[in-house]
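What follows is a short report on a single structure.
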Amino acid sequence: MPTATKAPMPPTSPERLPPTGRDSAPRVYDAVARGERFTTAMHEAVLDERHVLSIRDFELWYGEKKALYGITMPITAGKITALIGPSGCGKSTLLRCVNRLNDLVDGVRIAGDMQLNGDSIYAKGVDVIELRKRIGMVFQKPNPFPMSIFENVVYSLRIDGIREKDLLHEVCEKSLKGAGLWDEVKDRLKDSALNLSGGQQQRLCIARAIAAEPEVLLLDEPCSALDPIATGRIEELMNELKGHYSILIVTHNMQQAARTSDYTAFMYLGRLVEYGPTNEIFRVPRLKETEDYVTGRFG
Amino acid sequence: MLPHSQAPARRKRTTRRSARVLEFVMGAAIRIGGIGTMVSVALILVFLVWVVAPLFQDATTEPRASANAGGVKPWLTGLDAGKNLQWTLDAEGRLQVARLDDGARLDERDLVQAASGGSSAATTATPPPKLRSIALDPEGTRFALGFADGRVQVGTLAFRTRFAARSAEPDAARALDAQGRGIAGREFVEALPSGELRLTSLELALEPAVQALGEAGATSNSAVAALDRSTTSARDSLLVLGERGELVLLELERRENMLTGEFELESRRHALPFQRGANDELPAHVLLNEGGDGACLLWSDGRILRWDLRDPDAARIAQTTDVTSGAARISAVAQLLGKTTIVLGDTDGGLHAWFPVKRENASTSDGTELVRGHALVRSGPAITRIASSARGRVVAAADAEGGITLWNVTNERELARLSMPGGSADALAIAPKEDGLFALRAGGAAAWDLDLRHPEAGLAALFRPVWYEGYPGPEHVWQSSSGTDSFEPKLGLWPLVFGTLKATFYSMLFAVPIALLAALYTSQFLSARARAPIKAAVEMMASLPSVVLGFLAGVIVAPFVEDVVPAVLLSFFTIPFVLLVVANAAQLLPERLGRRIGARERLVLAFVMLVIGAGLAWIGGPWIERALFTGDLRGWLDGRDGAAFGGWLVLLLPASAAFVALGWARVFEPRVRAISAHWTRARNARTQSGVFIAGALCALGLAALVAIGLQGIGLDARGGVFDTYVQRNSLIVGAMMGFAVIPIVFTIADDALTAVPPHLKLASIGAGATPWQTAVRVVLPTAASGIFSAVMVGLGRAVGETMIVLMATGNTPVMSWNVFDGFRTLSANIAVELPEAVQGSTHYRTLFLAALCLFGLTFVFNTLAEVVRQRYRKRAARL
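Residue numbers (my numbering), protein chains in the order written: chain A, 1 to 299; chain B, 300 to 1178.
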C-alpha cells in the first residue's frame, strides 16, 4: 500500500468563483435551477492539509437521473469532515460512493474518480472487497448483527479467517475501548448485541468499524436515531477518535456539525456548494446560501 | 385546538349508515369464517377420534338365557349364526338340535346309526360299533368320526336358513309364540319385521364310512383312538391314529362317476412309520395342518412329534419337542382358524399358542420349528376346554373352576373373563359371528352375548412388535388383508410411520439443500429484475399436480435410473468436484482476466460444469461399476458377490472430504496464511490449487483406507443403507418428491431472505465481506426463523404427500433404511386400502387411526416448528 501522500488537487482558483458575498442575493440556486455550471466555493485552508481521500469531478446517475454533479472534494486525514445540506442533496449518496456501496443499486453509473490514499477507487480491476476492508462505515440506524457483542466487534477479522483467540480478544477490547463501550459490556461480551440500547448499539457499530483499522471512517447520520444523551456520547467519541481516524460524517444536525467537525461541506441538489473549515462555514461563509442554511433560514 | 373546529360544522360528520352495516356484516362474516375454520378442524379431529376409539374399547358381555337340552354330558357343541339354536353331540354319538334359550328340542340324529346305515356291512343283529373319536374343524362345520371298528366317516354340519312368506308356510306361522318364535318340525321359525318368516334348521351331510384301519368287516380291527381332518379344494386328508399305535394318512377324493353321474368317495391310505415305545402311552391328540402336509402327535404329558407329510409315502418325523414344563399335562387342545396355530391348555392352567416357523438355523429336518409364539396364561386353574372362533384369532378357555376367559391370540389380549355358575364347562363354543359364547355342562348351560368390538386391535397390536403366525419372532408388520379367510391380519402401524419418515427424510435430503441454495442465490446474488421471473417459474412448478410427478417418477425416471445406477451415484461426486476444480482454476487466471468473469458468465459456466459433471458421471459410471462393484452394481447390492470395499468408499467419501477440509481449515490454514501473507496473488492461487488437489487425493486416500479397514474387520455396508436394488425406491421418490417440496421451501425461504433488513447486509458488505460471507454469516442467521418455517412447511408437505409415494415407491411396507428399497407411507396406505375396507371393520378403523397418526405427526412437526420459529422471531423482532 502506498503511503499517504498529499493528493494533487484540481485547479480551483479564487478568480473563477462566482461573484458572491455574504450580503449578495442567493444566485447559486438560480444557477443550479438554470442548469449552469458553477464552481464550489472552496476555502483554501482545506487544500493545505494532508488528504486521506480525494474526490475528483465525481458524477453519478441513478438511471437517467443525475444525482451528483462534478464533486471535487479532498478529505483531510485525521480530521472530521461533515457533509451538510438539505434532504436529497446527495450527501449520503456521496458517502456511499466512497466504499462503492452504490454498486449494489441497480442502474447506477458514475464518472470521475476517487482516491483513497492515492489508490483509485473506481479504476477498472479494483478489488472492491479489498477496498471496503480499508473503509469503515457506520449507518444511520444502529445495525448490529444478530450475534454476540464479541462476534460483532471482530466481524471484520472473522471474515478474513482469523481464528487466533488472543488476537481476536485484543482487537475486541481495543475497539470497544476505542468506542467507549468497554466498561459497559466487558462482562457480557457473549450476550446478544441486540440486547444493548440504541446508543450502545451505535457505539458497538463504531467499534465494529474501527476494529478493521480503516483508513477512513464514514458516518452516515449516526445520531439521527438516537436520543440527545446518546447523541452527546457519540459526539464525545468522535472527538476522541479524531486524530487516529479520518472521519467523514453526514449530518442533518447543524449544531452537531458545528460542534464536532473540523471541516464542513455544504451540498445542494447534487452540487458541492461550499467547503471549508467549520469555523468559517458557520461564522463567515462565502456564500449567502450557506449562511441561510446554517442559520436555519433555509433548509 | 385548531380554530375552525369551533365553527359550526358545515359537513355532516356521521359515519355513513352503509359503512356501519358493512362493518357489522363483514365483522360477522369474518368471525363466522374464523371460528368456523377452527371448529371444523376440531370436528375433523373429533370425528377421527370417534371412528378410532372402538379399537381400544374393551369387550362387553351380557348373560343370555340358555338351557342344556336333555341334560346330557356333552362332547361338542355349537351355535347358529343367529344364536337361536344349539347343537350338542354326546359321547354316544347322539346329535341334538335345540333352542338355545329354553332347550326345546327340534331334531335328534344318531351319528352311529347313520354311519352304520350307510355301511352295507352292518346288520341289525350286531350293535353298531361305538363312536371313539371325533374331529371338528375350527369353523365348526366339517367333522370326521372315528369308530371302534377302524372306520372313519367325514361329514358336514351346517345351519341352513331359508325365508318364506307366512302364507306359504301356514304350519310354521302357527307355531310362532308371543315373541314371534317357534318350532315347526325340524325348523326354528322366526317372524321378521317385514312379515316374512325365517326358518333355520341343521343340515347334516355324511359321506360313506371308509375303512381307515384294518380290513373291512374284520373283527380284530384297531379302534380309532384319535383323528383329524383337513380339507382343501382337491381332497380331504384324515390322519388316523389306531389304538394299537397305527398311524394312517387317509386321502379322500370325491370323484364323479361318468356313467351314473354319482359321486364316489375314493380313498388312499398311507401308513406312516410311527413307532412307539413299548410302555409308552398313546398320543392323546392328532393334529393335521390346513394343507394336510404337516401333522403333530401330541401326548398328554406335553411331548409333540411333528411330521413332515409333504410326500405322504416318505413321511418323516421333523421335530420332537416338549411343550409343557414340569409335571403339567395337556388338558385341552384347539386349533385356530387355518389349522396352523395350536392352542394348548394344561393342568397348571397354562394357555399357550404354538405354531411352526421357518428359521435359518433350525435344528429340524425341514427347516421349520414349532415355537411357542404366545403365552396367554402361565398358571392358574387347570384348563378343561378350549374353543376357537370360526372367523378370527379368538379363543375361549374354560378352567376347572368354572371360569371362562376369552383371548385374542395374536396380540395376547384378554378380552373378557366370565364365570360359569355351578362348575366347569364340558363343551364350549363361540358363536359363528364371534358375538356369543355357549358353555355346556352335564347339568347346566350358560350363554353370553358378546361384543368383542375389535379383538385384534389395541395399542400393543398396533404399535408394538407382535409375533405373527409363521414369523420367526415378534415384528412390526403391516399386512391388512389377504386372499384366504384364515389369514391373520397384521396391523402394525410402525412400518407405515417408518415409511412416512423415510419418505420425508430422503425427500428433504434432496430438496432442502437445493431449495435453500436457490433461495440464497435469487435473494442475495441476483438483481431484483432477474429474480422476478425465476420466482414466478419456480412457483409455477409448485402447481404441477403431484400425480404427474408420481407418474413421471414411476414410469419414466425409475426405469431409466435403474439402467444407470452407477452413473447416478457417481454424479453426486462428479458435479461438486467439477465445480470445485473450475473454481480453483478460475483463481489461476491472471487477475485482470479473472475479474472480467461477471455474474452472468459465472452462471453460464456453472451450467456448463453441471453438464460436464453429469457427462463425466455418465462415462465414468460403467467404469466405476467394473472397478468397485464387479461390473454389476445391482448384483453387488444383492450381496451375491463383490467385496464391501466399494460400498464403504462411496459412503465414506463425503465424510472423508469434509474431514480433510475441516482439518485443513483448522490446523494448516492459519500456518499457511502466516507464511503466505506477503505472497503475490498468483502464488497464493497456485498454492490454493495445489492444496485442493492434495486435499482431494487425501480425502480419497482416507476414505479408501477406512474402507479397507472396515472390510478387513468384516463389516459390510450392504444390509444397512445399501441393499437390494428395487426399481421403485427411496432415491427416486426422494428426488421426485423433492420437486414437489422445492418450490414451497424455495418461495418461503426466498421471502424470508429478502426480508432481512438491507442495513444489515450493507453493514456486512461495507465491512468488506464477500456476498457469500454476508449471506452465510449475516443473512442466513437473521432469516433463520423464516428458513426454518420454510423447511417445516416443506416437511409438512413431504409427510402428507400421497400420489408420488403411491406411484413411485412400490408400496412395500418394509422397515429398512436401504436407499434402494421402497416403503409405504401412511398416506399412500390410506389411499390404497380405504376403498376396499369394510366400513366399521377393524381394518377401516385402523386406517382412520393411520390418518390420526398422520395428523399427529404433522401436528408435532408444526408445533415444533412454531416453537422454534417463535424463539428466532423474538430475536428478529429487535432488529
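The beta-carbon is built from N, C-alpha and C at its ideal position, and this holds for glycine as well.
Nearest CA to the CA of Ala463/B: which residue from Gly484/B, Glu489/B and Val451/B?
-> Here residue 463/B refers to the residue found at position 164 of the second sequence. Comparing Cα-Cα distances from Ala463/B to each of Gly484/B, Glu489/B and Val451/B, the minimum goes to Glu489/B.
Chain B contacts from the stretch 187 to 206 of chain A (Cβ-Cβ distance under 9 Å) | Residues of the stretch 187 to 206 of chain A that bring their beta carbon within less than 9 Å of a beta carbon in chain B comprise Ser192, Leu194, Asn195 and Cys205, in sequence order.
Taking only beta-carbon positions, decide if Gly962/B is within less than 9 Å of chain A.
-> As a position in the second sequence, residue 962/B is number 663, starting the count at 1. By the rule that beta-carbons nearer than 9 Å mark a contact, Gly962/B does not touch chain A.
Contacting residues, own chain, Cβ-Cβ under 7 Å from Ser624/B (five flanking each side not counted) = The residue given as residue 624/B occupies position 325 in the second sequence. Excluding positions up to five away in sequence, the list is empty.
Nearest-angstrom Cα separation, counted from Arg50/A out to Glu274/A | As a working mapping, residue 274/A is identified with position 274 in the first sequence. As a working mapping, residue 50/A is identified with position 50 in the first sequence. Whole-angstrom Cα-Cα distance: 19 Å.
With 16 as the cutoff for other CB atoms within 10 Å, does Glu486/B come out buried or exposed?
-> By one-based count along the second sequence, residue 486/B stands at place 187. Under this definition Glu486/B is a buried residue.
Closest Cα partner of Ala1039/B within the set Ala829/B, Ser317/B, Ala841/B and Tyr1171/B | Within the second sequence, numbered from 1, the residue matching residue 1039/B stands at position 740. Residue Ala841/B is the option with its Cα nearest to Ala1039/B.
Going along chain B, which residues have a C-beta under 8 Å from Lys165/A?
-> Start at 1 with the first residue of the first sequence, and residue 165/A comes out as number 165. Chain B residues near Lys165/A: none, gap ~11 Å exceeds 8 Å.
Nearest-angstrom Cβ-Cβ length linking Ala814/B and Ser870/B, presumed shorter than 8 Å = For the purposes of this step, residue 814/B is taken as residue 515 along the second sequence, with counting starting at 1. For the purposes of this step, residue 870/B is taken as residue 571 along the second sequence, with counting starting at 1. About 19 Å separates the two Cβ atoms, so there is no contact after all.
Please classify Val854/B: is it buried, with 16 or more other beta-carbons within 10 angstroms of its beta-carbon, or exposed?
-> Position 555 of the second sequence holds residue 854/B. Val854/B is exposed by the Cβ-count criterion.
Spatial distance of Trp182/A from Phe958/B (CA atoms) | For this step, residue 182/A is matched to residue 182 along the first sequence. For this step, residue 958/B is matched to residue 659 along the second sequence. Approximately 38 Å between the Cα atoms of the pair.
Same chain, Cβ closer than 8 Å to Pro1070/B, neighbours up to 5 away in sequence not counted = In the second sequence, residue 1070/B corresponds to position 771, counting from 1. The answer, listed in chain order, is Gln823, Phe824 and Ile1064.
Integer-rounded CB distance, given that Ile80/A should sit under 8 Å from Met254/A = What you label residue 254/A is simply residue 254 of the first sequence in a count that begins at 1. What you label residue 80/A is simply residue 80 of the first sequence in a count that begins at 1. About 15 Å separates the CB atoms of Met254/A and Ile80/A; that is not less than 8 Å, and the two are not in contact.
Compute the Euclidean distance between the alpha carbons of Met267/A and Lys66/A, then round it to the nearest angstrom.
-> Within the first sequence, residue 267/A is the residue found at index 267, counting from 1. Within the first sequence, residue 66/A is the residue found at index 66, counting from 1. So the alpha carbons of these two residues sit roughly 15 Å apart.
If the cut is a Cβ gap below 7 Å, which residues of chain A does Gln1072/B touch?
-> Locating residue 1072/B in the second sequence gives position 773, counting from the first residue. Ile159, listed in chain order.
Pull out every residue of the stretch 734 to 755 of chain B whose Cβ sits closer than 9 Å to any Cβ of chain A, in chain order.
-> For chain A, none of the residues of the stretch 734 to 755 of chain B brings a beta carbon within less than 9 Å of one of its beta carbons.
Give the single residue among Ala1083/B, Pro426/B and Thr376/B whose Cα lies nearest to the Cα of Arg684/B.
-> Mapped onto the second sequence, residue 684/B falls at position 385. Here the closest residue by C-alpha is Thr376/B.
Do Thr929/B and Gly919/B come within 9 Å of each other at the CB atom, strictly closer than that value?
-> For the purposes of this step, residue 919/B is identified with residue 620 of the second sequence, where counting begins at 1. For the purposes of this step, residue 929/B is identified with residue 630 of the second sequence, where counting begins at 1. No; because the gap between Cβ atoms is not below 9 Å, this pair is not in contact.
With respect to the alpha helix (DSSP H) encompassing Ile1086/B, which residues constitute its N-terminal and C-terminal limits?
-> The sequence position of residue 1086/B within the second sequence is 787, counting from 1. Here the alpha helix (DSSP H) through Ile1086/B covers Ala1083 to Gly1099.
Shorter than 9 Å from the beta carbon of Met114/A to some beta carbon of chain B?
-> On the first sequence, position 114 is the one that residue 114/A refers to. Closer than 9 Å: no.
At 7 Å on the CB atoms, spell out the chain A contacts of Ala1068/B, in chain order.
-> Within the second sequence, residue 1068/B is the residue found at index 769, counting from 1. Within chain A, the residues near Ala1068/B are Ile159.
List, in order along the chain, the chain A residues whose C-beta lies closer than 9 Å to that of Ala898/B?
-> The residue you call residue 898/B lines up with position 599 of the second sequence. Those within 9 Å of Ala898/B in chain A number zero; the least Cβ separation is about 12 Å.
Where Pro362/B falls: helix, strand or coil (DSSP) = Counting from one through the second sequence, the residue named residue 362/B turns up at place 63. Looking at Pro362/B - three-state DSSP - the assignment turns out to be strand.
Residues that Leu571/B bridges to, as DSSP identifies them | Counting from one through the second sequence, the residue named residue 571/B turns up at place 272. In DSSP, Leu571/B forms no bridge with anything.
Compute the Euclidean distance between the alpha carbons of Gly691/B and Glu700/B, then round it to the nearest angstrom.
-> Here residue 691/B refers to the residue found at position 392 of the second sequence. Here residue 700/B refers to the residue found at position 401 of the second sequence. Distance between the alpha carbons of Gly691/B and Glu700/B: 26 Å.
Would you say Leu131/A faces chain B, with C-beta separation under 9 Å as the test?
-> As a first step, residue 131/A must be located in the first sequence, where it is residue number 131. Among the CB atoms of chain B, one or more fall inside 9 Å of the CB of Leu131/A.
Enumerate in chain order the residues of its own chain whose CB-to-CB distance from Glu1181/B is below 6 Å, with the five nearest sequence positions on each side excluded.
-> This structure cannot speak to residue 1181/B, because chain B is shown only from 300 to 1178.
Neighbour flag for Ser91/A against chain B, beta carbons, 9 Å = Counted from its first residue, the first sequence places residue 91/A at position 91. Checking the sequence shown, residue 91/A turns out to be Lys, not Ser. With 9 Å as the cut-off, Lys91/A does not count as an interface residue toward chain B.
Exposure label - Phe307/A; buried when at least 16 CB within 10 Å = In the structure displayed, chain A extends from 1 to 299; residue 307/A sits before or after that span and is not available.
Kindly identify the DSSP beta-bridge partner or partners of Pro812/B.
-> Taking the first residue of the second sequence as position 1, residue 812/B is located at position 513. Paired residue(s): none; Pro812/B is not in a bridge.
Identify which residue in Leu430/B, Arg901/B and Ala368/B has its Cα closest to the Cα of Arg400/B.
-> Numbered from its first residue, the second sequence carries residue 400/B at position 101. The sequence as given places Asp at residue 400/B; Arg does not occur at that position. Checked all of Leu430/B, Arg901/B and Ala368/B; the closest Cα to Asp400/B is Ala368/B.
C-beta contact flag for Ala1074/B and Ala1051/B at 9 Å | Position 775 of the second sequence, counting from 1, holds the residue named residue 1074/B. Position 752 of the second sequence, counting from 1, holds the residue named residue 1051/B. No; because the gap between Cβ atoms is not below 9 Å, this pair is not in contact.
Extent of the continuous alpha helix (DSSP H) to which Trp947/B belongs = Indexing the second sequence from 1 puts residue 947/B at position 648. Secondary structure note for Trp947/B: its alpha helix (DSSP H) is the uninterrupted segment Phe944 to Gly962.
Buried versus exposed, by CB contacts within 10 Å (16 or more), Ser245/B | As shown, chain B starts at 300 and ends at 1178. That puts residue 245/B outside it, with no answer to give.
Determine whether the Cβ of Ile1086/B lies closer than 9 Å to any Cβ atom of chain A.
-> The residue labelled residue 1086/B in the question sits at position 787 within the second sequence. Chain A, which has no Cβ nearer than 9 Å to the Cβ of Ile1086/B, makes this no.
Cβ-based burial, Leu1256/B [other Cβ within 10 Å; buried from 16] | The structure shown does not extend to residue 1256/B, since chain B is modelled only from 300 to 1178, so the question has no answer here.
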